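Per this note's numbering, the sequence shown starts with residue 7, numbered consecutively.
Cβ atoms here follow ideal geometry from the backbone N, Cα and C, with glycine treated the same way.
Given the structure is predicted, the values throughout are model-derived calculations rather than measurements.
Below is one structure, written out as structure tokens; the observations come after it.
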Amino acid sequence: MGDEQKGDEQKGDEKKRGEKKSAAQKRGEQKRGEKAEGDEKAEGDEKPGEPKRDVPPDHVSIDPTSRFYNADLVERGVGIRFRGTVRKNVHEYCISEGWVKMAVGKTVDRLGRPLMVKTKGPVEAWFEDLGEDPPVASQDTNS
């Protein structure tokens with residue numbers, strides 16, 4: 007068999023197995039964590055007279071295995087107000103979807119991780135190192 011025939015057979019095998027590029031691969035999308043060109047705001051994008059707000063991101067987790075984990079943010083300290091009460095036992099939150107994951111007492115699973123309960127309600131977040139009256143990220147301010 008010639009080299010050309012082998013190449014044609016391999017192409018035919020790929021088609022039979024359904025090996026196609028995903029839509030993301032076809033568009034050439036970036037890998038997780040990379041920013042596409044134009045994602046960053048230009049310096050002149052902010053409205054004049056509006057101070058730059060230093061608020062936490064929409065979704066953060068303190069679990070190092072989570073894709074929403076950010077060591078810098080965890081070290082800095084993020085305060086959470088859930089349903090009007092400041093909570094200290096929040097392990098993960100999402101402001102836009104309106105939920106938090108909190109530990110259920112001291113109960114742990116068989117791997118030693120705390121058991122979590124996901125509860126829905128209004129969530130507000132702020133950086134604790136900004137003093138008495140920090141800017142607060144809430145569902146109202148995110149939109």
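Local conformation of V153 per DSSP, three classes: This structure cannot speak to residue 153, because the chain is shown only from 7 to 149.
Alpha-carbon to alpha-carbon, E138 and G127: If I take the Cα positions, the gap works out to 24 Å.
Exposure label - A77; buried when at least 16 CB within 10 Å: Exposed, since its Cβ has fewer than 16 Cβ neighbours within 10 Å.
Neighbourhood of I101 by C-beta distance below 8 Å, restricted to the same chain and skipping five residues each side: Result list for I101: D64, H65, V129, E130, A131, A143, S144, Q145, N148, in chain order.
Three-state secondary structure (DSSP) of E130: In the three-state DSSP reduction, E130 falls in the strand class (E or B).
DSSP three-state assignment for L121, whether helix, strand or coil: In this structure, L121 counts as strand in the three-state DSSP scheme.
Contact check, A69 vs P141, beta carbons under 8 Å: The displayed chain sequence assigns Asp, not Ala, to residue 69. The beta carbons of D69 and P141 sit no closer together than 8 Å.
Classification of K124 by the beta-carbon crowding that lies within 10 angstroms, buried from 16 upward: Exposed, because fewer than 16 other Cβ atoms sit within 10 Å of the Cβ of K124.
Spatially closest choice to F133 from F74, V110, V84, by CA coordinates: The candidate whose alpha carbon is nearest that of F133 is V84.
Cutoff 8 Å; reference F74; Cβ partners in own chain excluding five residues on either side: Cβ neighbours of F74 beyond the five flanking positions: H65, V66, S67, E98.
Short Cβ contact (8 Å threshold) for D115 with R82: Not closer than 8 Å, so no.
Residues near N95 in its chain [Cβ-Cβ closer than 6 Å; skip 5 each side]: Answer for N95: M108, A109, listed in chain order.
Span of the beta strand (DSSP E) around G90: Unbroken run through G90: none, as it is neither H nor E.
Own chain, CB closer than 6 Å to R87, minus 5 neighbours either side, in chain order: The residues are E130.
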